[in-house]
Amino acid sequence: MRIDAISIFADYFQALDLSLLGKAQASGILDFKAHDLRDYTHDKHKTVDDTPYGGGAGMLMKPEPWGEAFDDILSDDLNQTDDRPVIIFTSPAGEVFKQATAHELAQRKHLVFACGRYEGIDQRVVEYAATKGEVRLISIGDYVLNGGEVAAIAMIEAIARLVPGVIGNAESLIEESHSDGLLEYPSYTKPSVWRGLEVPPVLLSGNHAAIAKWRHDQQVERTRQVRPDLLDE
Ligand code: ADE
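Residue numbers (the working numbering): 1022 to 1254.
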């Protein structure tokens, strides 16, 4: 899978060189590159922002550097009709990213994350991107970050770990929170008694059916208490 990210703070993405995603890059399963938007400017100050038409607070990102960045990064996709690239604009005004979104995007060949800063990006950039690929505006939750980089990193990690070969033990993907619409059950390891706190006896019973039932009950109860909204979906 190929993933590109465009940002004025490309260094943020060094976090993706660590751990399992770093290994996936080294082995070639994941081809990730962060691009500095300022590399697509031509003035001395490498300007990427300007004041909004119609007035208003703050600065907006100018369209020209974004256009050049998309032309460059998506030039190899031109002849691809079967699987268009997906261009994701990180935005608190977008659809909310869910585990289902991660599964959907993990099936695609090429993702491009466009990380805005300031008060956002000139809307024509979104229109232009739609001529180059499938556009999605995605938020990671109902709060506002200073820019899209942290949101993009969170999404890339959630997506890339679903790509076959990225996680050594694929079974661990099956029984985790959100994989079946419920939160994960609580887990325990040795010792069986720690500081006077005991592991639930059913887990030591060797009765697999009883263990499976206990775990499922715990999932439902936990979800009911912490995230009742998930039970309505
Ligand atoms: N940029 C700023 N806030 C964001 C959010 N919640 N999700 C995605 N991108 C953002």
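In this text, a Cβ means the ideal position worked out from N, Cα and C, and glycines have one as well.
Residue i burial status per 10 Å Cβ neighbour count (16 or more: buried)
{"i": "histidine 1131", "result": "buried"}
{"i": "tyrosine 1061", "result": "buried"}
{"i": "glycine 1169", "result": "buried"}
{"i": "proline 1086", "result": "buried"}
{"i": "valine 1247", "result": "exposed"}
{"i": "threonine 1210", "result": "exposed"}
{"i": "isoleucine 1195", "result": "exposed"}
Residue i versus the options, residue with shortest Cα-Cα distance
{"i": "arginine 1182", "options": "Val1247, Phe1034, Leu1224, Ala1123", "result": "Ala1123"}
{"i": "aspartate 1143", "options": "Tyr1033, Thr1072, Ala1233", "result": "Thr1072"}
{"i": "alanine 1175", "options": "Arg1245, Glu1148, Ser1160", "result": "Ser1160"}
{"i": "leucine 1095", "options": "Thr1068, Arg1059, Ala1135, Lys1083", "result": "Ala1135"}
{"i": "serine 1256", "options": "Pro1086, Leu1051, Arg1059", "result": "Past the boundaries of the shown model lies residue 1256; the chain is included only from 1022 to 1254, so the question cannot be answered."}
{"i": "serine 1208", "options": "Pro1222, Gly1154, Lys1083", "result": "Pro1222"}
{"i": "phenylalanine 1091", "options": "Thr1152, Glu1219, Asp1253, Ala1231", "result": "Thr1152"}
{"i": "glutamate 1254", "options": "Leu1158, Asp1093, Ser1193, Lys1119", "result": "Lys1119"}
{"i": "aspartate 1289", "options": "Gly1088, Val1133, Leu1042", "result": "Lying outside 1022 to 1254, the shown extent of the chain, residue 1289 is not represented and no answer is given."}
{"i": "serine 1200", "options": "Ala1233, Val1165, Gln1240, Glu1219", "result": "Gln1240"}
CA-to-CA distance, residue j to residue i, given in whole angstroms
{"i": "arginine 1059", "j": "isoleucine 1027", "result": "10 Å"}
{"i": "valine 1117", "j": "leucine 1251", "result": "14 Å"}
{"i": "aspartate 1057", "j": "alanine 1036", "result": "16 Å"}
{"i": "glycine 1202", "j": "glutamate 1125", "result": "15 Å"}
{"i": "glutamine 1128", "j": "histidine 1237", "result": "29 Å"}
{"i": "glutamate 1205", "j": "alanine 1173", "result": "24 Å"}
{"i": "threonine 1111", "j": "alanine 1231", "result": "44 Å"}
{"i": "serine 1226", "j": "proline 1212", "result": "15 Å"}
{"i": "valine 1184", "j": "histidine 1229", "result": "30 Å"}
Check: residue i C-beta below 7 Å from any heavy atom of the ligand ZN
{"i": "glycine 1043", "result": "The ligand ZN is absent from the structure shown, which contains only the ligand ADE."}
Exercise for review: Starting from the N-terminal side, write out each stretch of the alpha helix (DSSP H) that is 4 residues or longer and does not extend beyond the region 1101 to 1181.
Suggested key: As summarised for the region 1101 to 1181, the continuous alpha helix (DSSP H) elements at least 4 residues long and confined to that stretch are 1120 to 1127, 1144 to 1150, 1170 to 1181, given in chain order.
Review point. If you scan the region 1034 to 1075 from start to end, which runs of the alpha helix (DSSP H) of 4 or more residues do you find wholly inside it?
Key: If we require 4 residues or more, the alpha helix (DSSP H) runs fully inside the region 1034 to 1075 come out as 1040 to 1048.
Point to revise | Nearest-residue set for the ligand ADE, Cβ under 5 Å from any heavy atom | key: Those satisfying the condition are, in chain order, Thr1111, Pro1113, Ser1160, Ile1161, Val1165, Leu1166, Gly1169, Ala1172.
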